[in-house]
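Engineer:
2 protein chains.
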Amino acid sequence: MGIAERREKEKIELRALILSAAKKLFVIKGIEHTTIRNIAEAIDYSVGTVYVYFKDKNAIFHALHSQGFNELGQQLALLMAVENPMERVKALGRVYINFAKANADMYSLMFSQPAPIDYLEEEHADEWKEGVLAFNVLKGTLAQCIEQGYFKGHTLEPLTYLFWSAVHGMCALYISERAKGVNLTDPDTIVERGYEEFLKMIGE
Amino acid sequence: MGIAERREKEKIELRALILSAAKKLFVIKGIEHTTIRNIAEAIDYSVGTVYVYFKDKNAIFHALHSQGFNELGQQLALLMAVENPMERVKALGRVYINFAKANADMYSLMFSQPAPIDYLEEEHADEWKEGVLAFNVLKGTLAQCIEQGYFKGHTLEPLTYLFWSAVHGMCALYISERAKGVNLTDPDTIVERGYEEFLKMIGE
DNA sequence: TTTGCCCTCTGAACCTTGTTCATTAAATTT
DNA sequence: AAATTTAATGAACAAGGTTCAGAGGGCAAA
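Quick mapping for you: the protein sequence lines, in order, are chains A and B.
Quick note: the first sequence, position 80, residue 298 per our numbering, numbers continuous.
Quick note: the second sequence, position 158, residue 376 per our numbering, numbers continuous.
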């Protein structure tokens, strides 16, 4: 059955084409200002076709969202090879920051863009699983650090939350460009420099 | 000239009425899902009237945005009464967190909602001044801490950025409900507990 | 009191955008 | 060749943002 397979492949390709066009437009114009017609035009298909492949605009956002988490998750997973847990946490932060800066658009899609109403409800739990996974990787690593005698007097869960929040906060402010308004000496490297301060605090 | 004054007062009041209705709706339904018609109905005026008082939907967002920063700014300003700079930074964080949690809607309006396109441009510099002010208050306080011998080996600017980011990050994740998905023991107090961890790190 | 001006408020109408669905057209199967 | 299945189309609808010509009411001058 080669024909059915070819058709299947074509469908997958068109779906991917729609996603990549949507992503590009979301980045340039923002999600709100990207219309389905924009996307359709960009790939020379009709509006209706987009709806053949995605239930609605939400579903497109949704797909990109998952895609982003998978990418980040993969990058973080690589770090499990680092033996020393303390080195690993430090690296986790760096990788996270690099990802956020290199995929600013994707990052704000993942964390800053308010999730469209309906999708927070139903299967939300399922969708967010990649995020939970990342959180647990961090938590596990910090637990190992504590076992090894680091972070004396700290409590695991809130510590994990703090760690994630600090890194996320720096990335979010950087990406939203709020950082620029504040007149920093070198806005472009502020995240890295901020992170160094954090490591300094942690540093035994 | 009592008549002109009364008219002026009425205008100011109607403007405020529109704003309060808009805020209420933004909170309940989200900005995107609040329509000008919703706002008009809520205050028993016609759609057109809203446009008499505000150029467009953006302008409403804009006005609320400024309002939020003023409120937060005022609360933070009160803390300048605290003599000890180390106590003051700690308090700044607490007040900030309280504000964010008590005005979750407003807070996400201020920081998470992507600023509508056009307004990032032109007079943006002017608008963000309240934010800059808050940042500088924190920076000044931290500078005093350093003078008094705290934060040895740290650099002022990135330290300030880190501090703000950590607190902001925790608030943002909390408000966006991402925190809930992660299955924390007690999601409601996670921000406070995370902040305690941060203070522990800072604490000499 | 009457006249005319000035404001505020009105809501029908227009445009854009998300979404649907009956129809077309092409490919595959019989 | 005919029938069937499937993908793609785009006109049409609903809903929301925005505009604007005009209604209506108060106020001052006549």
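Beta carbons are placed, not taken as given, at the ideal position from N, Cα and C, and that holds for glycine.
Going along chain A, which residues have a C-beta under 8 Å from Thr-403(B)?
Structural biologist: Here residue 403(B) corresponds to residue number 185 of the second sequence, with the count starting at 1. Neighbours of Thr-403(B) on chain A, chain order: Glu-375.
Engineer: Do you know offhand how far Pro-376(B)'s Cα is from Val-409(A)'s?
Structural biologist: Taking the second sequence and counting its residues from 1, one reaches residue 376(B) at position 158. Taking the first sequence and counting its residues from 1, one reaches residue 409(A) at position 191. So the two alpha carbons sit approximately 8 Å from each other.
Engineer: Can you pull the chain B neighbours of Ser-238(A), defined as C-beta to C-beta under 9 Å?
Structural biologist: If you number the first sequence from 1, residue 238(A) lands on position 20. Those do not exist, as Ser-238(A) stays about 22 Å from chain B at its closest Cβ, beyond 9 Å.
Engineer: Is the separation between the beta-carbon of Leu-211(A) and that of Gly-349(B) shorter than 8 Å?
Structural biologist: No statement about residue 211(A) is possible, as the shown extent of chain A runs from 219 to 422 and does not include it.
Engineer: For Val-270(B), does the count of other Cβ atoms within 10 angstroms reach 16, so buried, or fall short, so exposed?
Structural biologist: Position 52 of the second sequence, counted from the first residue, corresponds to residue 270(B). Exposed is the call here.
Engineer: Can the beta-carbon of Phe-244(B) be found closer than 8 Å to that of Leu-327(B)?
Structural biologist: Working through the second sequence from its first residue, we reach residue 244(B) at position 26. Working through the second sequence from its first residue, we reach residue 327(B) at position 109. Yes.
Engineer: Hey, does Val-245(A) have any beta-carbon neighbour from chain B nearer than 8 Å?
Structural biologist: Against the first sequence, residue 245(A) aligns to sequence position 27. Taking Cβ atoms only, chain B never reaches closer than 8 Å to Val-245(A), which makes this a no.
Engineer: Once DSSP output is grouped into helix, strand and coil, what is the label at Pro-405(B)?
Structural biologist: Residue mapping note: residue 405(B) aligns to position 187 of the second sequence, counting from 1. It is helical.
Engineer: Using DSSP with H/G/I as helix, E/B as strand and the rest coil, what is Thr-252(A)?
Structural biologist: Within the first sequence, numbered from 1, the residue matching residue 252(A) stands at position 34. Here Thr-252(A) sits in coil by DSSP.
Engineer: For Ile-261(B), which three-state DSSP category applies?
Structural biologist: Residue mapping note: residue 261(B) aligns to position 43 of the second sequence, counting from 1. Note: Ile-261(B) maps to coil in three-state DSSP.
Engineer: Where does Met-388(A) land, buried or exposed, given buried means 16+ other C-beta within 10 angstroms?
Structural biologist: Translated into positions along the first sequence, residue 388(A) becomes position 170. When all chains shown are included, Met-388(A) counts as buried.
Engineer: Take Ile-254(A) and list the residues in its own chain whose beta-carbon comes closer than 7 Å to its own, dropping the five residues that flank it on each side.
Structural biologist: Here residue 254(A) is taken as the residue at index 36 of the first sequence, counted from 1. Hits under 7 Å: Val-265, Val-268 and Lys-275.
Engineer: Looking only at its own chain, which residues have a Cβ that is under 8 Å from the Cβ of Leu-256(A), when we skip the five neighbours before and after it?
Structural biologist: Taking the first residue of the first sequence as 1, we reach residue 256(A) at position 38. It is worth fixing the name first, because residue 256(A) is Asn in this sequence and not Leu. Around Asn-256(A): Leu-243 and Lys-247.
Engineer: Establish whether the CB of Ile-408(B) and some CB of chain A are separated by less than 8 Å.
Structural biologist: Residue numbering aside, residue 408(B) sits at position 190 when the second sequence is read from its first letter. Yes, Ile-408(B) counts as interfacial toward chain A.
Engineer: Quick test of your reading: Tyr-325(A) and Ile-420(A), contact by CB under 8 Å. State the CB separation rounded to the nearest angstrom.
Structural biologist: Walking along the first sequence from the start, residue 325(A) turns up at place 107. Walking along the first sequence from the start, residue 420(A) turns up at place 202. Actually they are not in contact, since the Cβ atoms of Tyr-325(A) and Ile-420(A) sit about 23 Å apart, beyond 8 Å.
Engineer: Might you give, ordered along the chain, the residues of its own chain that have their beta carbon closer than 8 Å to the beta carbon of Ala-281(B), omitting 5 neighbours on each side?
Structural biologist: Position 63 of the second sequence, counted from the first residue, corresponds to residue 281(B). Leu-237 and Phe-272.
Engineer: Can you list, in chain order, the residues of its chain with a C-beta nearer than 6 Å to that of Lys-241(B)? Leave out the 5 residues immediately preceding and following it.
Structural biologist: Position 23 of the second sequence, counted from the start, is the residue given in the question as residue 241(B). Closer than 6 Å at Cβ, skipping near neighbours: Leu-282.
Engineer: Checking contacts by CB at 8 Å: is Ala-384(A) closer than that to chain B?
Structural biologist: The sequence position of residue 384(A) within the first sequence is 166, counting from 1. For Ala-384(A), the answer is yes, since a Cβ of chain B falls inside 8 Å of its Cβ.
Engineer: Could you tell me which of Val-385(B), Leu-391(B) and Ile-249(B) sits nearest to Ala-277(B), measuring between CA atoms?
Structural biologist: Position 59 of the second sequence, counting from 1, holds the residue named residue 277(B). Looking at the Cα atoms, Ile-249(B) is the closest of the given residues.
Engineer: What are the boundary residues of the alpha helix (DSSP H) that Lys-229(B) is part of?
Structural biologist: Start at 1 with the first residue of the second sequence, and residue 229(B) comes out as number 11. Per DSSP, Lys-229(B) belongs to the alpha helix (DSSP H) from 220 to 247.
Engineer: So, does the CB of Leu-380(B) fall closer than 8 Å to a CB anywhere in chain A?
Structural biologist: As a first step, residue 380(B) is located in the second sequence; it is residue number 162 there, counting from the start. For Leu-380(B), the answer is yes, since a Cβ of chain A falls inside 8 Å of its Cβ.
Engineer: Against chain A, does Val-270(B) count as a neighbour if the rule is that its beta carbon must be under 8 Å from one of theirs?
Structural biologist: By one-based count along the second sequence, residue 270(B) stands at place 52. Answer no: the Cβ-Cβ gap between Val-270(B) and chain A never drops below 8 Å.
Engineer: Could you check whether His-386(A) and Phe-329(A) sit closer than 8 Å to each other, using their CB atoms as the reference points?
Structural biologist: Taking the first sequence and counting its residues from 1, the one referred to as residue 329(A) is at position 111. Taking the first sequence and counting its residues from 1, the one referred to as residue 386(A) is at position 168. Closer than 8 Å, so yes.
Engineer: Whole angstroms are fine: how far does the CA of Ala-239(A) sit from the CA of Phe-416(A)?
Structural biologist: Residue numbering aside, residue 416(A) sits at position 198 when the first sequence is read from its first letter. Residue numbering aside, residue 239(A) sits at position 21 when the first sequence is read from its first letter. Approximately 38 Å between the Cα atoms of the pair.
Engineer: Just the chain B side, please: which residues come within less than 9 Å of Ser-284(A) by C-beta, in chain order?
Structural biologist: Here residue 284(A) is taken as the residue at index 66 of the first sequence, counted from 1. What Ser-284(A) touches in chain B: nothing, since even the nearest Cβ is about 14 Å away.
Engineer: I'd like to know if the segment 356 to 364 of chain A and the segment 300 to 320 of chain A are in contact, where contact means that at least 3 CB-CB pairs between them fall below 8 Å.
Structural biologist: Cβ pair count under 8 Å is three or more, so yes.
Engineer: Please confirm whether Phe-353(A) and Val-400(B) have their CB atoms less than 8 Å apart.
Structural biologist: Residue 353(A) sits at position 135 when you count from the first residue of the first sequence. Residue 400(B) sits at position 182 when you count from the first residue of the second sequence. Yes; because the gap between Cβ atoms is below 8 Å, this pair is in contact.
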